[in-house]
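Student: Start counting the sequence shown at 34; every next residue gets the next number (my numbering). Cβ atoms here follow ideal geometry from the backbone N, Cα and C, with glycine treated the same way.
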Amino acid sequence: MSQSDCIFCKIIRGEIPCAQLYADDHVISFMDIGPVKRGHALVVPREHHATVFDMPAELGAHVMGAAQRVGRAIMAATGAEGLNIFQNNFAAAGQVVFHVHWHLIPRFSDDGLELWSQGQYGSMDEMLALAEAIRERMD
Ligand code: AMP
Ligand code: ZN
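(1) Do you know offhand how far S37's Cα is from P68's?
(2) Short of 8 Å in beta carbon distance, which residues of its chain neighbour W149, apart from the five on each side in sequence? Order them along the chain.
(3) Starting from the C-beta of H134, find all residues in its chain whose C-beta is less than 7 Å away, skip the five residues before and the five after it, and write them out in chain order.
(4) Over what stretch of residues does the alpha helix (DSSP H) that includes H59 continue unbroken?
(5) Let me check you understand the geometry: is the CB of C51 closer than 7 Å to at least one non-hydrogen atom of the ligand AMP?
(6) M157 to I66, Cα distance in whole Å?
(7) Return the chain-ordered list of same chain residues with a C-beta closer than 7 Å to the C-beta of V130, the five sequence neighbours on each side being excluded.
(8) Here's the rule: buried if 16 or more other CB atoms are within 10 angstroms of the residue's CB, otherwise exposed. What is F86?
(9) Apart from the five residues on each side of it in sequence, which residues of its chain come closer than 8 Å, Cβ to Cβ, to V103?
(10) With DSSP collapsed to three states, give me the class of F41.
(11) Go ahead and label R79 buried or exposed: buried means 16 or more other beta carbons lie within 10 angstroms of its beta carbon, across all protein chains shown.
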């Protein structure tokens with residue numbers, strides 16, 4: 034499955050260049066062109082699926098295998114002390130390229146990057162009610 038106007042599909046088809054780090058039958062990994070931190074890379078399934086909710090869960094095993102190998106190499110090459118692995122689904126969560134992908138971002142304890150600020154529930158009951166609402170909707 035591929036999409037003619039998708040930038041990651043174009044990279045996968047070799048129509049657009051990338052700084053490739055890894056490739057196998059299921060996934061490809063390359064440097065992010067706009068790094069949050071030096072060494073920021075992406076792991077991308079070859080099949081075009083818009084978000085994590087659209088892809089077969091089994092593909093996740095291939096993604097994780099590649100993320101482990103590439104992530105270890107990024108840490109070794111940059112000397113990073115840590116590495117964030119995350120991905121964005123839908124525009125409200127910051128997704129810009131609608132071909133599912135994982136970000137690998139090398140981190141140092143003093144790098145100043147604040148990823149999120151945590152809040153709190155008004156009460157324990159509020160959290161428990163929301164947990165119940167989520168459980169009820171699980172398919
Ligand atoms: P997201 O916001 O999760 O959709 O992330 C999309 C990422 O793709 C951004 O971090 C971009 O810098 C990156 N990106 C977009 N175009 C390219 C490209 N041609 N080569 C490498 N990375 C890209
Ligand atoms: Zn695509």
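Tutor: Put simply:
(1) If you take the alpha carbons of S37 and P68, they lie about 25 Å apart.
(2) Correct list: empty, nothing qualifies.
(3) If the five residues before and after H134 are omitted, its C-beta is found closer than 7 Å to the C-beta atoms of F41, L75, V76, V77 and Q120, all from its own chain and listed in chain order.
(4) Where H59 is concerned, there is no enclosing alpha helix (DSSP H), given that its DSSP letter is neither H nor E.
(5) Taken from the Cβ of C51, at least one heavy atom of the ligand AMP lies inside 7 Å.
(6) Rounded to whole angstroms, M157 to I66 spans 43 Å at the Cα level.
(7) The residues are I40 and F41.
(8) It is exposed - the Cβ of F86 has fewer than 16 other Cβ atoms within 10 Å.
(9) Closer than 8 Å at Cβ, skipping near neighbours: L54, Y55, S62, A74, V76 and L137.
(10) The answer is helix: DSSP assigns F41 an H, G or I state.
(11) Counting Cβ neighbours within 10 Å, R79 comes out buried, since at least 16 surround it.
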